[in-house]
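Participant:
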Ligand code: F6R
């Protein structure tokens with residue numbers, strides 16, 4: 002989704018802004034722009050539709066834009082098509098103010114009418130231009146950009162992260178935030194804003210997160226933050242514990258491949274620090290044993306792949322806890338009048354911690370009295386901050402749009418949470434507890450073993466990359482894992498793909514199976530292996546070309562019926578999807594590679610979905 006970066010210091014701003022925007026490219030965007038104030042108080046705005054390279058070429062890598070203060074933006078269109086005019090920054094009609102904005106201003110139509118009535122003209126279709134012109138209107142009225150910003154934020158409704166510069170103030174920019182992420186970066190003789198720390202990590206790891214209603218005035222040597230009532234406040238600063246190399250490809254062709262390969266290490270970071278003397282220690286959790294014993298129901302709420310983690314979690318947590326667990330898409334939950342009260346635990350899962358639907362569902366659940374426990378990757382993100390409890394996955398930055406290591410670490414952490422609760426509730430026996438911990442400790446090494454031998458997956462990808470439709474079938478945990486395998490394939494290779502619970506196939510969808518249809522049959526869930534086999538035979542009888550995935554111990558049995566079989570090491574049932582998903586990620590990756598797709602930046606997708 003949209004990205005913001007802002008810089009003020011002694012160096013030329015434009016190249017720094019371009020570099021920051023490049024680091025935000027992974028979030029998905031369709032146009033980009035920068036605005037820089039020169040020492041002569043000239044406000045220069047340059048923007049272009051398409052890749053950042055187009056903008057960079059226009060301004061010679063930033064050399065043709067002079068000035069040490071500026072803001073930049075990558076836009077993912079919401080209001081108005083992607084084109085040069087709708088791209089940010091937006092410049093006010095009087096040329097005094099330029100604005101970059103993430104979020105959506107809900108009352109922009111009313112405000113635009115108000116301004117049109119006062120002679121203001123609009124050239125774009127965006128809600129952001131309304132903010133810009135409103136700022137110019139108040140600035141013309143009061144002559145103080147700071148006061149004008151406060152007048153504006155008291156009039157606009159909706160979500161915003163704003164970066165604002167004014168031609169008359171070449172030494173400072175202003176930032177404001179509500180319901181859209183924005184952070185301040187503190188440098189040596191320079192300061193920054195960014196929607197995502199990746200944009201500025203090269204320059205500083207010393208940051209603070211802006212809260213809703215806050216406004217910051219930022220110069221090269223000072224940062225002053227104010228609350229919504231214009232009172233100055235002290236911000237807590239934090240140190241980002243990963244560096245720029247974590248956000249670079251490190252020799253891999255794509256971030257996605259790098260992140261797939263990083264999974265064993267990421268799982269070690271997620272899990273191993275939380276295991277002591279073979280026991281799970283969740284020091285970061287505030288909820289106590291009494292609360293856990295009193296939980297009447299658990300909701301797991303998330304979107305996309307994080308939702309798929311929740312589907313695995315439903316099976317595993319219900320088994321471990323003997324309590325009802327409902328997994329719900331965040332976008333559905335918020336409008337479903339959900340049955341939630343004080344005894345409901347809501348587990349929110351999000352890599353970015355900024356997904357708008359998930360955030361809205363969290364707030365809905367919180368307002369109904371639920372305890373919110375989130376599993377989040379991005380430290381300090383909005384979901385993490387608004388939750389009663391947060392468990393970080395510590396997977397490090399995930400840059401590829403298609404999630405892999407975040408999915409895997411969420412899955413492990415959710416299982417660990419289940420085991421931790423199960424121990425307190427007495428629903429997991431001592432021996433089962435130990436067996437699960439043993440397997441967890443072995444999991445990263447088993448994954449490594451798989452990642453060292455990817456030839457068969459490359460081979461299968463080359464067999465199937467030109468298929469136009471694929472079905473993933475499986476039962477129970479295999480079905481849950483199939484949802485993720487299918488999403489990975491479709492989002493990066495653009496092949497139509499569906500995941501089906503095998504038993505449900507015959508109730509309609511089997512009519513789509515014909516000669517040569519690719520069916521990826523998942524048979525890693527040992528208790529239902531025989532049933533998985535029956536479903537394989539069923540689709541083969543309709544002409545399907547089956548590629549099967551099973552565990553080493555079931556491989557021989559599977560090979561009696563299916564020629565093309567991928568095997569994964571055996572694990573405890575609850576971790577089997579953690580291993581099974583790896584070949585599915587790799588299959589999607591190699592298929593997309595062979596189809597020449599833009600793997601790290603698939604079309605129409607954004608890394609962090611901050612619109613409804
Ligand atoms: C798919 C993918 C998305 C995200 C979804 C939720 O590969 O990455 O489906 O899982 O947009 O995002 P987070 O986890 O950031 O809330």
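In our numbering, the protein residues as written are 2 to 613. Where is the CB? At the ideal position from N, CA and C, for every residue including glycine.
1. Go through its chain and collect everything with a Cβ distance to residue 573's Cβ below 7 Å, but skip five positions before and after it.
2. In chain order, what residues of the same chain have a beta carbon less than 7 Å from the beta carbon of residue 428, not counting five sequence neighbours either side?
3. Looking at the unbroken beta strand (DSSP E) that takes in residue 7, where does it start and where does it end?
4. If distances are taken between C-alpha atoms only, which option among 454, 367, 467, 316 comes closest to residue 339?
5. Look at residue 4 and residue 200 and say whether their C-beta atoms are less than 9 Å apart.
6. So, under 8 Å CB-CB, residue 55 and residue 45 are touching, yes? Tell me the CB distance rounded to an integer number of Å.
7. Name the residue from 155, 144, 145, 600 whose alpha carbon lies nearest to the alpha carbon of residue 132.
8. Threshold first: 3 residues or longer. Then list the beta strand (DSSP E) segments lying entirely within the segment 176-200, N to C.
9. For residue 168 and residue 122, I'd like the C-alpha separation in whole angstroms.
10. Quick check: does the Cβ of residue 410 come within less than 8 Å of any heavy atom belonging to the ligand F6R?
11. Does the ligand F6R have even one heavy atom less than 8 Å from the beta-carbon of residue 170?
12. Does the Cβ of residue 41 lie closer than 8 Å to at least one heavy atom of the ligand F6R?
13. Pull every residue with its beta-carbon under 6 Å away from any heavy atom of the ligand F6R, and keep them in chain order.
14. Output yes or no for whether 9 Å exceeds the beta carbon distance between residue 207 and residue 256.
15. Since residue 39 and residue 68 should fall inside the 8 Å C-beta cutoff, what is the C-beta to C-beta distance between them, to a whole number of angstroms?
16. Would you grab the beta carbon distance between residue 268 and residue 310 for me? Rounded to a whole angstrom, and I think it's under 8 Å.
17. Just to confirm the assignment, what range does the beta strand (DSSP E) spanning residue 45 have?
18. Please report how far the alpha carbon of residue 296 lies from the alpha carbon of residue 220, in whole angstroms.
19. Could you name the residues that DSSP lists as bridge partners for residue 125?
20. Which residue marks the beginning of the beta strand (DSSP E) containing residue 565, and which one marks its end?
21. Out of 495, 25, 51, which has the shortest C-alpha to C-alpha gap to residue 73?
22. If the criterion is Cβ atoms closer than 9 Å, does the pair residue 390 and residue 479 meet it?
23. Return the CA-CA distance between residue 224 and residue 192, expressed in angstroms with no decimal places.
24. With 16 other CB atoms within 10 Å as the buried threshold, where does residue 29 fall?
25. Look up residue 143 in the DSSP assignment and say whether it is helix, strand or coil.
26. Contact check, residue 307 vs residue 608 under 8 Å by CB: the rounded distance?
27. On the DSSP letters alone, give me the boundaries of the alpha helix (DSSP H) that residue 108 sits inside.
28. If we ignore side chains and look at the alpha-carbon of each, how far apart do residue 344 and residue 300 end up?
29. Assuming residue 165 and residue 136 are in contact, meaning their beta carbons sit under 8 Å apart, how far apart are those beta carbons, in whole angstroms?
30. Whose C-beta lies closer than 8 Å to the C-beta of residue 234 among residues of the same chain, with five residues either side of it excluded?
31. Can you check which of these residues, 582, 445, 611, is closest to residue 273 by C-alpha distance?
32. Under 8 Å by Cβ, that's how I've got residue 533 and residue 554 pegged, so tell me the actual separation to the nearest angstrom.
33. Buried or exposed for residue 315, going by 16 or more other Cβ atoms inside 10 Å?
34. Is the beta carbon of residue 283 closer than 9 Å to that of residue 418?
35. How about residue 104 and residue 180: are their beta carbons less than 9 Å apart?
Facilitator: So, from the listed chains and residues:
1. In the chain shown, the residue the question calls residue 573 occupies position 572. For residue 573, same chain residues with a beta-carbon under 7 Å away, outside a window of 5 residues either side, are 436, 437, 440 in chain order.
2. Residue 428 sits at position 427 when you count from the first residue of the chain shown. Setting aside the 5 residues that flank it on each side, residue 428 is surrounded in the same chain by 321, 322, 323, each with a C-beta closer than 7 Å to its C-beta; the list follows chain order.
3. Along the chain shown, read from residue 1 onward, the residue named residue 7 stands at position 6. Residues 4-9.
4. If you number the chain shown from 1, residue 339 lands on position 338. For residue 339, the nearest C-alpha among the options comes from 367.
5. Indexing the chain shown from 1 puts residue 4 at position 3. Indexing the chain shown from 1 puts residue 200 at position 199. Closer than 9 Å, so yes.
6. Locating residue 55 in the chain shown gives position 54, where the first residue counts as 1. Locating residue 45 in the chain shown gives position 44, where the first residue counts as 1. Contact doesn't hold; Cβ gap of about 17 Å is too wide.
7. Looking up residue 132 in the chain shown gives position 131. Between residue 132 and the set 155, 144, 145, 600, the nearest pair of CA atoms involves 155.
8. If we require 3 residues or more, the beta strand (DSSP E) runs fully inside the segment 176-200 come out as 184-187, 192-195.
9. Your numbering for residue 168 matches position 167 in the chain shown. Your numbering for residue 122 matches position 121 in the chain shown. In a straight line, the C-alpha of residue 168 is about 20 Å away from that of residue 122.
10. If you number the chain shown from 1, residue 410 lands on position 409. Answer for residue 410: no, Cβ out of range of the ligand F6R.
11. Taking the first residue of the chain shown as 1, we reach residue 170 at position 169. In this structure, residue 170 has its CB at a distance of at least 8 Å from all heavy atoms of the ligand F6R.
12. As a working note, residue 41 is residue 40 in the chain shown. No, the ligand F6R has no heavy atom inside 8 Å of this Cβ.
13. The set of residues with a C-beta under 6 Å from any non-hydrogen atom of the ligand F6R comprises 304, 305, 306, 307, 351, 352, 353, 356, 359, 403, 404, 488, 492, 609, 610, given in chain order.
14. The count along the chain shown starts at 1 and reaches residue 207 at position 206. The count along the chain shown starts at 1 and reaches residue 256 at position 255. Result no, Cβ atoms of residue 207 and residue 256 do not sit closer than 9 Å.
15. Along the chain shown, one-based indexing puts residue 39 at 38. Along the chain shown, one-based indexing puts residue 68 at 67. About 4 Å separates the CB atoms of residue 39 and residue 68; that is less than 8 Å, so the two are in contact.
16. Within the chain shown, the letter at position 267 stands for residue 268. Within the chain shown, the letter at position 309 stands for residue 310. Incorrect: roughly 13 Å between the Cβ atoms, too far for contact.
17. Position 44 of the chain shown holds residue 45. Where residue 45 is concerned, the enclosing beta strand (DSSP E) starts and stops at 44-50.
18. For this step, residue 296 is matched to residue 295 along the chain shown. For this step, residue 220 is matched to residue 219 along the chain shown. Straight across, the Cα-Cα distance linking residue 296 with residue 220 is about 49 Å.
19. Taking the chain shown and counting its residues from 1, one reaches residue 125 at position 124. In DSSP, residue 125 forms no bridge with anything.
20. The count along the chain shown starts at 1 and reaches residue 565 at position 564. Note, residue 565: beta strand (DSSP E), 565-569.
21. If you number the chain shown from 1, residue 73 lands on position 72. Scanning 495, 25, 51 for the CA closest to the CA of residue 73 turns up 25.
22. Stepping through the chain shown from its first residue, residue 390 is reached at position 389. Stepping through the chain shown from its first residue, residue 479 is reached at position 478. No, they are not a contact pair.
23. The sequence position of residue 224 within the chain shown is 223, counting from 1. The sequence position of residue 192 within the chain shown is 191, counting from 1. Across the structure, residue 224 and residue 192 are spaced so that their CA atoms are roughly 8 Å apart.
24. Position 28 of the chain shown, counted from the start, is the residue given in the question as residue 29. When all chains shown are included, residue 29 counts as buried.
25. Here residue 143 is taken as the residue at index 142 of the chain shown, counted from 1. Correct three-state label for residue 143: helix.
26. Position 306 of the chain shown, counted from the first residue, corresponds to residue 307. Position 607 of the chain shown, counted from the first residue, corresponds to residue 608. Actually they are not in contact, since the Cβ atoms of residue 307 and residue 608 sit about 13 Å apart, beyond 8 Å.
27. Your numbering for residue 108 matches position 107 in the chain shown. Where residue 108 is concerned, there is no enclosing alpha helix (DSSP H), given that its DSSP letter is neither H nor E.
28. The residue you call residue 344 lines up with position 343 of the chain shown. The residue you call residue 300 lines up with position 299 of the chain shown. If I take the Cα positions, the gap works out to 11 Å.
29. On the chain shown, position 164 is the one that residue 165 refers to. On the chain shown, position 135 is the one that residue 136 refers to. Taking C-beta atoms under 8 Å as the contact rule, residue 165 and residue 136 qualify, at a distance of about 7 Å.
30. As a position in the chain shown, residue 234 is number 233, starting the count at 1. 215, 226, 227, 228.
31. Sequence index remark: in the chain shown, residue 273 carries index 272 (1-based). In terms of Cα proximity to residue 273, the closest of 582, 445, 611 is 445.
32. Position 532 of the chain shown, counted from the start, is the residue given in the question as residue 533. Position 553 of the chain shown, counted from the start, is the residue given in the question as residue 554. Between residue 533 and residue 554 the beta-carbon gap is near 14 Å, outside 8 Å, which marks them as no contact.
33. Against the chain shown, residue 315 aligns to sequence position 314. With 16 or more neighbouring CB atoms inside 10 Å of its own CB, residue 315 falls in the buried class.
34. For the purposes of this step, residue 418 is taken as the residue at position 417 of the chain shown. For the purposes of this step, residue 283 is taken as the residue at position 282 of the chain shown. In this structure, residue 283 lies closer than 9 Å to residue 418 by Cβ.
35. Locating residue 104 in the chain shown gives position 103, counting from the first residue. Locating residue 180 in the chain shown gives position 179, counting from the first residue. Yes, they are a contact pair.
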